[in-house]
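Below is one structure, written out as structure tokens; the observations come after it.
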Amino acid sequence: MTSANYYNIKDKTILITGAAGLIGSSVAKEASDLGAKLILTDFNKDKLDKISEELSAKNKEIYSLEINLSSQSAIELLMKRSLAKFKKIDSAIYCQYPKSKGFGDSFEDFEEHNLYQDLNLQLGMAILFSRKIMMQFDIQGYGDLIHISSIQGVQSPKFRHYENTTMSSPIEYSAIKSGIISITKWLAKYHKNKNIRVNCVSPGGIENNQIEKFQKKYREDCTNIGMLSPRDISSAILFLLSPEAKAINGHNFIVDDGWTL
65 MTSANYYNIK
75 DKTILITGAA
85 GLIGSSVAKE
95 ASDLGAKLIL
105 TDFNKDKLDK
115 ISEELSAKNK
125 EIYSLEINLS
135 SQSAIELLMK
145 RSLAKFKKID
155 SAIYCQYPKS
165 KGFGDSFEDF
175 EEHNLYQDLN
185 LQLGMAILFS
195 RKIMMQFDIQ
205 GYGDLIHISS
215 IQGVQSPKFR
225 HYENTTMSSP
235 IEYSAIKSGI
245 ISITKWLAKY
255 HKNKNIRVNC
265 VSPGGIENNQ
275 IEKFQKKYRE
285 DCTNIGMLSP
295 RDISSAILFL
305 LSPEAKAING
315 HNFIVDDGWT
325 L
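Note that the sequence shown covers residues 65 to 325 in the working numbering.
Set out below in structure tokens:
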């Protein structure tokens, strides 16, 4: 059985926010290879243009929109233009990951306004986006929504991994990602008996030029791989959108090579 037959998303219309990021772009490439129609959105114009141009060379059913989803009006604009282009949205993947200028500051030093901004942009906008896309799914009578959480939303960070590095895992990140898991379960239960599914994926660490010292410590707490590739995550996401995953709803799908064990 080929992956194309297994995932069975050919001709499905998939909306991907944060499509220029590590996970979003990997989902877009894999979904495009499988014949999906794509709506790609991001606030980074250069990266969005690059991925859109790359995919459009083989897939003409690509619509990209540079937009900063930092308000309800921006979400409504995205939905309006997406539906004008494709008339429906079969699935949505919320990969957007905006950050304040102070995101990642130490627990002792972070500033109140940055905390509020991150909580609003990362968790608040995820809720507002969910409300709007679920309203469209209600109209259609079906739909799939995928949120992106994290292993840090499942359990506390392994702080020893960050010792003697400039890296950190901030408290607001854990709070936001735990919240993503909670809203996923809430949305799935709230929309029961409507042919709508809501799941989230909690990735482990994704390789992105982290220093060797960190990667070595991280690998010690995994089972086979260590740091993951974006493709490891995007394949799991596309499985959750496939008919083969029809019985999976309200689930937090952990993809971490055993980090949480």
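Don't be surprised by glycine CBs; every beta carbon is placed ideally from N, CA and C. Being a predicted model, the structure only gives us computed values, none of them experimental.
What span of residues does the alpha helix (DSSP H) with residue i cover, start to end?
i      : result
Ala138 : Gln136 to Phe150
Tyr180 : Glu176 to Asp182
Thr248 : Ile235 to Tyr254
Leu302 : Pro294 to Leu305
Lys280 : Glu276 to Glu284
Val91  : Leu86 to Asp97
Ile115 : Lys109 to Ser120
Please report the distance separating the alpha-carbon of residue i from that of residue j.
i      : j      : result
Val143 : His211 : Residue identity check: residue 143 is Met in the sequence provided, not Val. The alpha-carbon atoms of Met143 and His211 are separated by roughly 17 Å.
Arg195 : Thr77  : 19 Å
Phe303 : Lys253 : 21 Å
Gln279 : Asn313 : 33 Å
Ala62  : Leu79  : The structure shown does not extend to residue 62, since the chain is modelled only from 65 to 325, so the question has no answer here.
Lys258 : Gln200 : 12 Å
Ser293 : Cys159 : 16 Å
Ile157 : Lys241 : 15 Å
Glu130 : Trp323 : 35 Å
Gln136 : Asn123 : 30 Å
Ser299 : Gly166 : 32 Å
Ser155 : Asn263 : 11 Å
Asp110 : Gly85  : 12 Å
Pro267 : Arg283 : 15 Å
Arg224 : Ser170 : 15 Å
Leu104 : Tyr127 : 6 Å
Lys256 : Lys281 : 42 Å
Leu305 : Lys249 : 16 Å
Lys317 : Arg145 : According to the sequence shown, residue 317 is Phe rather than Lys. Between Phe317 and Arg145, the C-alpha separation is close to 31 Å.
Asp296 : Val319 : 8 Å
Can you check DSSP and say which residues form a bridge with residue i?
i      : result
His211 : Tyr158 and Cys264
Leu187 : BP columns for Leu187 are empty, so no partner.
Ser128 : Leu104
Ile270 : Leu292
On the DSSP letters alone, give me the boundaries of the beta strand (DSSP E) that residue i sits inside.
i      : result
Val319 : Asn316 to Val319
Thr81  : Thr77 to Thr81
Please decide whether residue i counts as near chain C, where near means a Cβ-Cβ distance under 8 Å.
i     : result
Ala95 : Reference to chain C is not applicable here, since this structure consists of a single protein chain.
* Evaluate the contact criterion for the segment 106 to 117 versus the segment 78 to 94: three or more CB pairs, one atom per stretch, below 8 Å. => yes
* Asked: Below 8 Å, can you find three or more Cβ-Cβ pairs linking the segment 217 to 229 to the segment 172 to 187?
  -> Touching, no.
* Below 8 Å, can you find three or more Cβ-Cβ pairs linking the segment 202 to 218 to the segment 274 to 288? -> no
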